[in-house]
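Participant: Can you keep this structure in mind? I'll have questions shortly.
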Amino acid sequence: MDLDLDAATLEFRDEVRDWLAEHVPTTPLPPMDSDEGFPLHREWEHTLAEARLSTVTWPREFGGRDASLLQWVVFEDEYYAAGAPARVSANGIALLGSTLFAFGTDEQRARLLPRMARADDIWAQAWSEPEAGSDLAAVRSRAVRTDGGWLLSGQKTWSSRASHADRAFGLFRSDPEAQRHHGLTYVMFDLRADGVTVRPIRQLDGVTGFAEIFLDEVFVPDEDVIGAPGEGWRVAMTTASNERGLTLRSPGRFVAAAERLVDLWRERPSTEAADRVVDAWLGARAYRLYTLATISRLADGGTLGAESSVNKLFWSELDVALHETALDLLGTDGELAGPWQSGYLFSLAGPIYAGTNEIQRNVVAERLLGLPRGSR
Amino acid sequence: MRFALNAEQRQLAESVTALLTSADVPATARAWAAGNHEPGLDLIAKLAKIGVAELADYPVELTVVFEELGRHAVPGPLVETYALGLPADLATVAWAPLLPYALDADVATPFVVVDDVLHEAEPGERQQSVDPTRHLFTVTAGEPVGPAQNRDRGILCQAAQLLGLGRGLLDRSAAYVTQRTQFGRPVGEFQAVKHHLANVLVALELARPLVHAAAVTGEPVDISGARVAAADAAHLAARAALQAHGAVGFTQEHDLSLLLLKVRALRSAWGTQTWHRRRVLDSLTSPTA
């Protein structure tokens, strides 16, 4: 058992560190979900992609550099330590990308992944509906068969990135007779296609990070269905597992925030908050180590299953606690707008998105502890 | 980087588990509490036979063993005997201010650390612990033996022991709520119960890598960090386990009591949580950090 980085990983780390020192914008970009900020974040993704740093673990043919998961962790450590911009492509890369690797056709991968890696296409997710939140299998939006494809109709909501993104992916009911998890199809569609109306929603933090999407007989060709029609639930659960699991929230993000919290404590020490500063720092370290243990398990042939719910529960609660501690350290200035404030407001969404923490606790209890499922 | 137990380490855990599962550890603990040390000494001799006594210089293996010892609530001065390298087959120590009393000094050879020097010791008055299996003694120093060593090794092993106690509490609770029926269904079907136990699992799963990393690095910041996380996770497990068991968990007769009370005792021994958190913070904010 060791925590040593091999020579190749150390070399990669140094390269990333040097590159970031040279390229990270010296003044923070405007919020990525704003009209001014979105194009600047797209441009930043182009810059990352030119250095093959936007999707390091992907094969070279799709724009990555075949990096190991350990190198991904190291990349993320460096990325967040450098204070680099938020990743406007994260939904596509972490969620749709991994779904295409698992279920896409060669044609789909060749057509979509390089554009995703360069942020030529920026993707929004279209899971939730007004009547389907935690109960995702209750989706009502329809995909109706037509010549050479499908017609999508219905309403999606809380669609992250949809206010500005180019395309979206989500689940649609293709067999109206089928129940629940059956008869769903995983579809990608263009947010600027005929019949699509996007209505941005202003979030708690003031930015339009998510939106409603109205679809009225929107044509989607067959080649934009992932997996077999009717098999969408199984395809989507892979995405969901990745979202909660390894790739959506890297340890680097929390380690960097915890280091900044310790710096803040040095500037404004408070006996009252000392224990919580320690717990936040330990939490970030624990999450990083837990990720390394997961990577080691995967290298031994293990799989990522319900454990991804453990991940999601931990980082989402850690993020809230860490930012609350920072605002408390700021004392009466904790009310004022600033990076800690916006980080705090964003953290509040963590226990809700990617499957609420209540759903995750059910998953942990039933699948990892063997408690009876029972009726809901 | 390979942050996982190897085959030999997993085998070690299995050997210890097999031994402890075949022994009646709850009965052994109750006998120990009543002052009958024979079954406990017999168990400790068996542990020595499978090599546990020779692990003092193998911190990862120690954490593996101590997690199992905790999970089964094995009584006795095991941290003191296995982790500290004290010059006796069954040894105990008082190490103020973190560890003011010598555990089981009536059955183990007692030592005391004064000003960083290890001394032989004479047991004095017995103190009543919240955990009936822990017989605590004040000690007076005798002849000096040498420099005191391996305090952090002891803290590390206690952290692993707490982690194991938490896992033992969780496993017993999951089993109990699956068979205990109320309102016509297993109480484990209720989300209120599920969520308590899920929170415990998350806390334990995220404390374990801190314990293992502390074994790998040996850094004081990691040792104390591991102890903070393990003790908090074990404490959460104890509260949830008692709640999941209901009234029967609040009886001495139920074996759960052996784990519940040991968690409470160990949170105070080998330093308070505040002491360890302060040590982490001092290390993070010291000028050299």
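Order-wise, the sequence lines are chains H and B.
For what it's worth, the working numbering labels the leading residue of the first sequence as 1495, then goes sequentially.
For what it's worth, the working numbering labels the leading residue of the second sequence as 34, then goes sequentially.
Beta carbons are placed, not taken as given, at the ideal position from N, Cα and C, and that holds for glycine.
Whole angstroms are fine: how far does the CA of His245 of chain B sit from the CA of Leu151 of chain B?
Facilitator: Walking along the second sequence from the start, residue 151 of chain B turns up at place 118. Walking along the second sequence from the start, residue 245 of chain B turns up at place 212. Leu151 of chain B and His245 of chain B have their C-alpha atoms roughly 28 Å apart.
Participant: Thinking just about the alpha-carbon of each residue, which of H:Ser1548, H:Ser1810, H:Asp1660 is nearest to the one in Asp1527 of chain H?
Facilitator: Your numbering for residue 1527 of chain H matches position 33 in the first sequence. Among H:Ser1548, H:Ser1810, H:Asp1660, the Cα nearest to that of Asp1527 of chain H is on H:Asp1660.
Participant: Considering just the uninterrupted stretch of the alpha helix (DSSP H) at Arg159 of chain B, what are its terminal residues?
Facilitator: For the purposes of this step, residue 159 of chain B is taken as the residue at position 126 of the second sequence. Premise fails: Arg159 of chain B lies in the beta strand (DSSP E), 150–161, not in any alpha helix (DSSP H).
Participant: What is the rounded straight-line gap between the Cα of Asp1615 of chain H and the Cα of Thr1788 of chain H?
Facilitator: One-based indexing of the first sequence puts residue 1615 of chain H at position 121. One-based indexing of the first sequence puts residue 1788 of chain H at position 294. Asp1615 of chain H and Thr1788 of chain H: Cα-Cα distance of roughly 31 Å.
Participant: Would Arg1760 of chain H pass as an interface residue toward chain B - the criterion being a Cβ-Cβ separation below 9 Å?
Facilitator: For the purposes of this step, residue 1760 of chain H is taken as the residue at position 266 of the first sequence. Output row for Arg1760 of chain H: interface = yes.
Participant: Let me see if you follow: with CB-CB separation under 9 Å, is Glu1801 of chain H close to chain B or not?
Facilitator: Indexing the first sequence from 1 puts residue 1801 of chain H at position 307. With 9 Å as the cut-off, Glu1801 of chain H counts as an interface residue toward chain B.
Participant: When you compare only the Cα positions, how much space is there between Ser1592 of chain H and Ala1613 of chain H?
Facilitator: By 1-based counting over the first sequence, the position of residue 1592 of chain H is 98. By 1-based counting over the first sequence, the position of residue 1613 of chain H is 119. Across the structure, Ser1592 of chain H and Ala1613 of chain H are spaced so that their CA atoms are roughly 16 Å apart.
Participant: Have a look at Asn1805 of chain H and Ala266 of chain B and give me their C-alpha separation to the nearest angstrom.
Facilitator: Here the question's residue 1805 of chain H lines up with position 311 in the first sequence. Here the question's residue 266 of chain B lines up with position 233 in the second sequence. In a straight line, the C-alpha of Asn1805 of chain H is about 16 Å away from that of Ala266 of chain B.
Participant: What does Glu222 of chain B touch in chain H if you count any residue whose Cβ is under 9 Å from its own?
Facilitator: Translated into the one-based positions of the second sequence, residue 222 of chain B becomes position 189. Glu222 of chain B reaches chain H at Leu1865, Pro1866, Arg1867, Gly1868, Ser1869, counting residues in chain order whose Cβ is nearer than 9 Å.
Participant: Within 10 Å of its beta-carbon, does Gln191 of chain B have 16 or more other beta-carbons around it, so buried, or fewer, so exposed?
Facilitator: Looking up residue 191 of chain B in the second sequence gives position 158. By the 16-neighbour rule on beta-carbons within 10 angstroms, Gln191 of chain B is buried.
Participant: What in chain B is Cβ-close to Arg1634 of chain H, meaning under 8 Å?
Facilitator: As a working note, residue 1634 of chain H is residue 140 in the first sequence. Simply none; closest approach about 26 Å.
Participant: Could you have a look at Asp122 of chain B and say whether DSSP puts it in helix, strand or coil?
Facilitator: The count along the second sequence starts at 1 and reaches residue 122 of chain B at position 89. Looking at Asp122 of chain B - three-state DSSP - the assignment turns out to be coil, as it is neither helix nor strand.
Participant: Please report how far the alpha carbon of Arg1728 of chain H lies from the alpha carbon of Gly1864 of chain H, in whole angstroms.
Facilitator: To locate residue 1728 of chain H, count along the first sequence from 1; it is residue 234. To locate residue 1864 of chain H, count along the first sequence from 1; it is residue 370. C-alpha separation (whole angstroms): 22 Å.
Participant: Determine the direct distance from the alpha carbon of Ser1790 of chain H to that of Thr171 of chain B, and round the result to whole angstroms.
Facilitator: One-based indexing of the second sequence puts residue 171 of chain B at position 138. One-based indexing of the first sequence puts residue 1790 of chain H at position 296. Near 46 Å, if we compare the C-alpha coordinates of Ser1790 of chain H and Thr171 of chain B.
Participant: Using CA coordinates, which residue listed in H:Gln1697, H:Lys1650, H:Asp1571, H:Leu1497 is at the minimum distance from Pro1525 of chain H?
Facilitator: Mapped onto the first sequence, residue 1525 of chain H falls at position 31. When each option's Cα is compared against that of Pro1525 of chain H, the closest is H:Gln1697.
Participant: Give me the Cα-Cα distance between Phe223 of chain B and Gly279 of chain B, rounded to the nearest whole angstrom.
Facilitator: As a working note, residue 223 of chain B is residue 190 in the second sequence. As a working note, residue 279 of chain B is residue 246 in the second sequence. Answer to the nearest angstrom: the Cα atoms are 14 Å apart.
Participant: According to DSSP, simplified to helix, strand and coil, what is Ala247 of chain B?
Facilitator: What you label residue 247 of chain B is simply residue 214 of the second sequence in a count that begins at 1. Secondary structure at Ala247 of chain B: helix, using DSSP grouped into helix, strand and coil.
Participant: Based on DSSP bridge pairs, tell me the residues matched to Trp128 of chain B.
Facilitator: Position 95 of the second sequence, counted from the first residue, corresponds to residue 128 of chain B. BP columns for Trp128 of chain B point to B:Leu132.
Participant: When you compare the stretch 1803–1818 of chain H with the stretch 232–252 of chain B, are there three or more beta-carbon pairs, one atom per stretch, that lie closer than 8 Å?
Facilitator: Short answer: they touch.
Participant: Within a Cβ cutoff of 7 Å, which residues of the same chain sit near Arg1546 of chain H, ignoring the five residues on either side of it in sequence?
Facilitator: Your numbering for residue 1546 of chain H matches position 52 in the first sequence. These residues qualify, in order along the chain: Gly1557, Gly1558, Arg1559.
Participant: CA-CA distance, Leu196 of chain B and Ala1578 of chain H?
Facilitator: The residue you call residue 196 of chain B lines up with position 163 of the second sequence. The residue you call residue 1578 of chain H lines up with position 84 of the first sequence. When rounded, the distance between both Cα atoms is 37 Å.
Participant: Report back the beta-carbon spacing between Ala1751 of chain H and Ala1730 of chain H to the nearest angstrom; my notes put them in contact at under 8 Å.
Facilitator: Stepping through the first sequence from its first residue, residue 1751 of chain H is reached at position 257. Stepping through the first sequence from its first residue, residue 1730 of chain H is reached at position 236. In fact, because the Cβ distance is near 30 Å, the residues do not count as touching under 8 Å.
Participant: Taking Ser1764 of chain H as the query, report the chain B residues whose CB atoms sit under 8 Å from its CB, ordered along the chain.
Facilitator: On the first sequence, position 270 is the one that residue 1764 of chain H refers to. Within 8 Å of the CB of Ser1764 of chain H, no CB atom of chain B is found; the nearest one sits about 11 Å away.
Participant: Looking only at its chain, what residues have a beta carbon closer than 8 Å to the beta carbon of Asp185 of chain B, apart from the 5 residues adjacent to it on each side?
Facilitator: Locating residue 185 of chain B in the second sequence gives position 152, where the first residue counts as 1. Hits under 8 Å: Gly251, Pro253, Ile256.
Participant: What did DSSP end up calling Pro108 of chain B once you bin it into helix, strand or coil?
Facilitator: Taking the first residue of the second sequence as 1, we reach residue 108 of chain B at position 75. Coil.
Participant: Between which two residues does the beta strand (DSSP E) containing Pro180 of chain B stretch?
Facilitator: Start at 1 with the first residue of the second sequence, and residue 180 of chain B comes out as number 147. Where Pro180 of chain B is concerned, the enclosing beta strand (DSSP E) stretches over 168–180.
Participant: Find out if the Cβ-Cβ distance for the pair Val1633 of chain H, Ser1744 of chain H is shorter than 9 Å.
Facilitator: Taking the first residue of the first sequence as 1, we reach residue 1633 of chain H at position 139. Taking the first residue of the first sequence as 1, we reach residue 1744 of chain H at position 250. Cβ distance not < 9 Å, so Val1633 of chain H and Ser1744 of chain H don't count as in contact.
Participant: Short check: CB of Leu131 of chain B to CB of Val93 of chain B, under 9 Å?
Facilitator: Counting from 1 along the second sequence, the entry for residue 131 of chain B is found at position 98. Counting from 1 along the second sequence, the entry for residue 93 of chain B is found at position 60. The criterion of a C-beta distance shorter than 9 Å is not satisfied by Leu131 of chain B and Val93 of chain B.
Participant: DSSP three-state call for Ala1550 of chain H: helix, strand or coil?
Facilitator: Position 56 of the first sequence, counted from the start, is the residue given in the question as residue 1550 of chain H. According to the sequence as given, residue 1550 of chain H is Val; it is not Ala. Three-state result, Val1550 of chain H: coil.
Participant: Run through DSSP, which three-state label would Met1526 of chain H get?
Facilitator: In the first sequence, residue 1526 of chain H corresponds to position 32, counting from 1. Looking at Met1526 of chain H - three-state DSSP - the assignment turns out to be coil, as it is neither helix nor strand.
Participant: Starting from the beta carbon of Arg218 of chain B, find every residue of chain H whose beta carbon is closer than 7 Å, and list them in chain order.
Facilitator: Counting from one through the second sequence, the residue named residue 218 of chain B turns up at place 185. Correct list: Gly1868.
Participant: Using 9 Å as the threshold, is the C-beta distance between Ala273 of chain B and Arg300 of chain B below it?
Facilitator: Within the second sequence, residue 273 of chain B is the residue found at index 240, counting from 1. Within the second sequence, residue 300 of chain B is the residue found at index 267, counting from 1. Not in contact: Ala273 of chain B and Arg300 of chain B (Cβ atoms no closer than 9 Å).
Participant: Residues of chain B with CB under 7 Å from Val1756 of chain H, in chain order?
Facilitator: Sequence index remark: in the first sequence, residue 1756 of chain H carries index 262 (1-based). Near Val1756 of chain H (Cβ distances below 7 Å), the residues of chain B are Leu317, Thr318.
Participant: Near Ala89 of chain B, which residues of its chain fall below 8 Å by C-beta distance, leaving aside the five closest residues on each side in sequence?
Facilitator: Here residue 89 of chain B refers to the residue found at position 56 when the second sequence is read from its first residue. Same-chain partners within the cutoff: Leu95, Tyr115, Ala116, Leu117, Gly118, Asn183, Arg186.
Participant: Is it buried or exposed for Ile83 of chain B, if we count other Cβ within 10 angstroms and need 16 for buried?
Facilitator: In the second sequence, residue 83 of chain B corresponds to position 50, counting from 1. So Ile83 of chain B ends up on the exposed side.
Participant: For the candidate residues B:Asp149, B:Arg213, B:Gly109, whose alpha-carbon lies nearest to that of Thr166 of chain B?
Facilitator: Locating residue 166 of chain B in the second sequence gives position 133, counting from the first residue. Of B:Asp149, B:Arg213, B:Gly109, the residue nearest in Cα terms is B:Gly109.
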